[in-house]
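Everything below concerns the one structure shown next.
Next comes the structure, spelled out in structure tokens:
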């Protein structure tokens, strides 16, 4: 794509990076075939190619974001399926992130929109606040119909209430800063992201990961890293996201100095952002090197487990598992085979989900900010999952687990919960109602 940025514009590192991305695009349109919003809405401007044109015009012209640009960029899930499809290697993620930051600083959103986005940014990254918000949501759920009628934000507030769990999990003893050593000698040492929303909604995910890693001779460290910044980063709130990311970088860099083999993540949406810290802080003299070190060590937990010899299963199972690969896993990080291979090694029958490359509609805060589109994508995803008649759904991202779980009665668990169970851990709570499938191996 031909561009006409001025030298003064290209002096800005962010603009220079976006100009390079724009010049890579050859208008081929392959991205339209795998873009969820284009498939649903049929509008060229709701495809990656269409958004690229809008973003180019906005950035190249030095214009404030218009209502049209905001509407179509806001509808983007950042699922990154277009990056998997693109034959030219267009780094759409960095381009749309730049566009969102530009929108945040140049577009005066309506008051209701500003309020809702500020609420999400001030609550979701902070586990204490998020726990209180979920308790309030539980009280508000009976009034969801009334809430939906609130002007401007009602439908989205109702979506927030709908996504809140029916019951809150108790506080987990492993959900704290500290070290969790294996029973024998440790062969490796890793830091494990506790996360923000996941640590409240599903602390059992990390608990299973710790047991699994310990069983394989890995010492696990929970640092005082806090939120990784992914949620606010994808809302264009650079100041907030970078502050949270710096806190995480400092905490992990201190552990790197003591010796770390990897920084592990059990929420693939967070993993995609952490692996991008090196790019995010490339121009920051105080953080460029530290961020690059962190990014180099960041791995999804299944990506790391795939480098270890998996313990022999201690149970035999005929459970059929539908593996849902989160967009941030398959498109954002390029991890496609490892989780399925591990589940197969653990003795499960793994089935591919039809249209597995299409987003479920979670996408961080998307299912709150764009509830109508998110609901249609969830219906499509659930229908595809139920077509293969699985006993259980496995995924590697808390957002997907929450989103899909609201649309089906099929239990949904984290991949590490199944791996932990198969190699000697407890049966995941979500599977307690399933008919007995397992017998002790001889």
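Numbering (the working numbering), first residue to last: 222 to 663.
We put the beta carbon where it would ideally sit given N, CA and C, even for glycine.
From a predicted model like this one, the values you see are computed outputs, not experimental measurements.
Residue 413 by DSSP, collapsed to three states: which one? Strand at residue 413.
Using DSSP with H/G/I as helix, E/B as strand and the rest coil, what is residue 485? DSSP, read as helix, strand or coil, puts residue 485 in strand.
Cβ neighbour criterion (16 or more within 10 Å) applied to residue 615: Residue 615 counts as buried, since at least 16 other C-beta atoms from the protein chains shown sit within 10 angstroms of its C-beta.
Find out if the Cβ-Cβ distance for the pair residue 620, residue 432 is shorter than 7 Å. No, the pair does not count as a contact, with Cβ atoms beyond the cut-off.
By how many angstroms is the C-alpha of residue 319 removed from the C-alpha of residue 285? The straight-line gap from Cα to Cα measures roughly 13 Å.
Presumed contact (8 Å Cβ cut-off) between residue 636 and residue 540, rounded CB distance: Not quite, the Cβ-Cβ distance comes to about 13 Å (not below 8 Å), so this is no contact.
On the DSSP bridge list, what partners appear for residue 573? Assignment of beta-bridge partners to residue 573 by DSSP yields 544.
Own chain residues within Cβ distance below 7 Å of residue 665, not counting five before or after: Examination of residue 665 is not possible in this model, given that the chain is present from 222 through 663 alone.
Per DSSP, the bridge partner or partners of residue 401: Looking at the DSSP output, residue 401 sits in a beta bridge with 441.
Under a three-way DSSP split, which group does residue 505 fall into? Here residue 505 sits in coil by DSSP.
Buried or exposed by the 16-neighbour rule on C-beta atoms within 10 Å, applied to residue 661: Caution is warranted here: a pLDDT of 38 is assigned to residue 661, below 50, making its placement in the model unreliable, and the coordinate value is therefore given only provisionally. Residue 661 should be labelled exposed.
How should residue 622 be labelled, buried or exposed, when 16 other C-beta atoms within 10 angstroms of its C-beta is the threshold for buried? Answer is buried; the Cβ neighbour count reaches 16.
Nearest-angstrom Cβ-Cβ length linking residue 554 and residue 521, presumed shorter than 8 Å: Correct: roughly 6 Å between the Cβ atoms.
Same chain only: Cβ atoms within 6 Å of residue 605, ignoring 5 sequence neighbours per side: Around residue 605: 574, 575, 576.
For residue 519, report the span of its beta strand (DSSP E) as first-last. It spans 519–521 - the beta strand (DSSP E) in which residue 519 sits, taken as one unbroken run.
Using the rule of at least 16 other Cβ atoms within 10 Å of the residue's Cβ for burial, across every protein chain shown, is residue 663 buried or exposed? Low confidence applies to residue 663: its pLDDT is 30, below 50, so where it sits in the model is not reliable enough to give any reading.
Could you please give me the residues that DSSP links to residue 633 through a beta bridge? DSSP output for residue 633 lists 614 as bridge partner(s).
I need the DSSP call for residue 420, collapsed to helix, strand or coil. DSSP, read as helix, strand or coil, puts residue 420 in helix.
Just mark residue 408 as buried or exposed, buried being the case when its beta carbon has 16 or more other beta carbons within 10 Å. With fewer than 16 Cβ atoms within 10 Å of its Cβ, residue 408 is classed as exposed.
Expected contact under 8 Å - CB spacing of residue 341 and residue 586 to nearest Å: Contact between residue 341 and residue 586 is confirmed by a C-beta separation of about 5 Å, below the 8 Å threshold.
Residue 546 classed as buried or exposed, judged by whether at least 16 other C-beta atoms fall within 10 angstroms: Here residue 546 is buried. Its C-beta has 16 or more other C-beta atoms within 10 Å.
Straight-line CA distance for residue 659 to residue 473? Here the model assigns residue 659 a pLDDT of 44, short of 50, so the residue's position is not dependable, and the following value carries that caveat. Cα-Cα distance, rounded: 39 Å.
Rounded to whole angstroms, what's the CA-CA distance from residue 657 to residue 638? Just pull it up for me. Unreliable positioning characterises residue 657 in this predicted model, as indicated by a pLDDT of 46, which lies under 50. The coordinate reading is nonetheless provided below. Distance between the alpha carbons of residue 657 and residue 638: 17 Å.
Assign residue 646 to one of three DSSP states: helix, strand, or coil. Coil.
Report the three-state DSSP secondary structure of residue 225 (helix, strand or coil). Reduced to three states, the DSSP call for residue 225 is coil.
Decide yes or no for the touch test of the segment 318–334 against the segment 248–265: beta carbon pairs closer than 8 Å, at least 3 of them. Taking 8 Å as the limit for Cβ pairs, the verdict is that the segment 248–265 does not touch the segment 318–334.
Quick check on the burial criterion: 16 or more other C-beta atoms within 10 angstroms. Buried or exposed for residue 609? Exposed, by the Cβ-count rule.
For residue 567, is the classification buried or exposed, using 16 other Cβ atoms within 10 angstroms of its Cβ as the cut-off for buried? So residue 567 ends up on the buried side.
Is the beta carbon of residue 632 sitting closer than 7 Å to the one on residue 603? Not in contact: residue 632 and residue 603 (Cβ atoms no closer than 7 Å).
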